[in-house]
Structures are given as C-alpha cells and as structure tokens.
Amino acid sequence: LTGGYMTLAATLCNARVRDGIAAGDHPVLMHGPTFMANPLACAVASASIDLLCSSPWRRRVARIEQRLRDGLAPCAACDAVADVRVRGAIGVVEMKQPIDVAVVQRRLVEAGVWLRPFGRLLYTMPPYVIDDASLERLIAAMVAIAAGAR
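What the sequence shown shows, in the working numbering, is residues 15 to 164, in sequence order.
Below you can see the structure in the form of structure tokens.
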C-alpha cells in the first residue's frame, strides 16, 4: 500500500471470517500495535494509490507479464524445474527440490538481482515501473538459476 516506504497493511475477509475472529470475550487476533492506523503511513498509502491510479499501470503490467512469460519459458525445459507460471507482473519458477537459499541468493546478488527464494519457489514481483534492461537482467538471472539447478 505504501510502496515500501512505510509499514502498513490491510486485511480483507468475508463476513463469516470476520465474525469468527470477533467472537467471544477476547476476540482472536485482537491487538493494538504501536503504529496502528498511523496517519503518516495512511497518507503515504493514499499518495501511492493516487500515483498508481494516475499511471498507465495496466499497460505496464501487460508488458511485464508478456516478458516474464516469454523470458521464463525456457525454464520449463530444465530438469530441476517442476513448473513455470506467470500471472500479471508475478513470475514463478517452481523447482522440484527445495532451493538452497544461501547459494541461490548469493548467485542472484552477484548477477545484480535481489530476490527472495522461498521453499521450492524462485519468484519475482517487479515494480510496475521497472525498465526493460532491469527486467531482462531479472529474467536472465532466474533462467540461469533454473538452468544451473540440480
């Protein structure tokens, strides 16, 4: 919501979940963190949403999606890869085995890319304003990791 500049989160749920969370004398998940409803964070989120809505973000996401789809496709032929999926500006290479995070992160950083592998997933959610060269670097690093995995 804030573009990473401030801490702020929102949780959406249906009425059944809400009622379950709020039931009883001591509702589940009831807490009041120090920065709850922080007005500065809310102002940053509002400005971030305004910026997003005033930009051609749908066109940017479509461009990113197509590049991720085309660029990550070769990973599907790698022996260590279980699946490759792209949805919007999210690209995922799912490995057959858990990723050695320390090794993979080091290789990614050496390639000038910062990603956080998780379990068997090497995924990216690049910012909508990513330039073509940075997106290509990101894709190349992911393909190199998939190709070099055992």
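Glycine included, C-beta positions come from ideal geometry on N, C-alpha and C.
- DSSP places LEU65 in the helix class (H, G or I) of the three-state scheme.
- Around the beta carbon of MET109, 16 or more other beta carbons lie within 10 angstroms, which makes this residue buried.
- DSSP, read as helix, strand or coil, puts ILE104 in strand.
- By the neighbour-count definition (other C-beta atoms within 10 Å, threshold 16), LEU149 is a buried residue.
- At the C-beta level, VAL100 and ARG72 stay beyond 8 angstroms of one another.
- Pairing ILE35 with ASN28, the inter-Cα distance amounts to about 11 angstroms.
- Only buried fits GLY105, as 16 or more other CB atoms lie within 10 angstroms of its CB.
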